[in-house]
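The opening position of the sequence shown corresponds to residue 5 in the working numbering, with each subsequent residue numbered one higher.
For each residue, glycine too, the CB sits at the ideal point set by N, CA and C.
Keep in mind that this is a model prediction, so the values were computed, not measured.
To keep things clear, I will list the structure first and then write my remarks on it.
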Amino acid sequence: MNTETAANTVTTKTTGMTINTETIKKRISVRTYEEKKIPEQVMQQVREYLEQDDNPFGVPITFSILNTEKDGVSSPVIVGADTYVAGKYQKQKNAEIAFGYSFEKLVLYATSLGLGTVWLAATIDRKAFEKAINLGEKEVMPAVTPLGYAAQKRSIRENLMRKGMKSDHRLPVEELFFEGDFQHPLREENAGKWTGPLELVRLAPSATNKQPWRAVTEEGRVHFYEAKTKGYDRESTGDIQKVDLGIALCHFDIAAKEAGLGGRFIQSDPGIAAPENTEYIATYELEK
């Protein structure tokens, strides 16, 4: 199978975790790449990983590995990379959340291989990507990522973009996480076993760095919510902030597993009064 053609497409199956919290901490968005070919051995590892990537919501995600020259795909904000991975799903319940979870695992796995990545949704030639992956009428392609080796020096455009989006800025704990309800901000000293997983939620990337995740902690459960911003739910991408929530849930799950917390994601709205434009997404529940 040629690694540089759109025919290199697979659907997720089951997998064990091969990434950890250190992978999350060291991963940064890369838009400027060395003009260096990715070795075939590394691309084979990527292909094998895509064949077993999964998510807790049981939604199949289809991945395509694309080449800029052969498939005609590009992004005006990317310099030096000629390989991309695109993902798509059939429209269904939990699809955006599942996509975020699965695609972030790919991003983190690529990081573990020494490859640079960046989530791209708006700043791509979307029509070209959708054509290259044969996007169906009931399918959505929320995002893509380039794959390559980070250049020693960022481009001027990338530096300006990072500054404009305040890419390294994270909202404080008390604005994101709460204890029992939304009236009681979570104090770091009270986070207990949730400290590590929630900190990695804070490190998650999000569209224009809006950080739409909110969480309410209890003794054995953490309830996750989406703080919606207008303009992020589109026909072409779905609700991109739900994708962001999927990324955050992926980080939380990896950290919880590493900490030895035996739990799982369920969807059972606890009925907590939430702020306006804040939607319940899922609950992480410890096994009893």
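At the C-beta level, H227 and P274 come within 7 Å of one another. T72 is a Cβ neighbour of D86, given a cutoff of 7 Å. Look at A90 here: in three-state DSSP terms it is strand. If you compare the alpha carbons of A102, G140, Y153 and V144 with that of V122, the shortest gap goes to Y153. Per DSSP, the beta bridge partners of I69 are V89. Within the model, the alpha-carbon separation for V81 versus V89 is close to 16 Å. Setting aside the 5 residues that flank it on each side, P150 is surrounded in the same chain by I82, A85 and Y88, each with a C-beta closer than 6 Å to its C-beta; the list follows chain order. Cβ neighbours of E262 within its own chain (closer than 7 Å, five residues either side excluded): N24 and T25. Our two residues, K95 and K142, have alpha carbons roughly 6 Å apart in a direct line.
Per the DSSP secondary-structure output, R225 pairs in a beta bridge with E289. The beta carbon of V111 lies closer than 8 Å to those of R31, T121, W123 and T149 in the same chain, with the five residues before and after it left out. For R268, the uninterrupted beta strand (DSSP E) segment begins and ends at G267 to I270.
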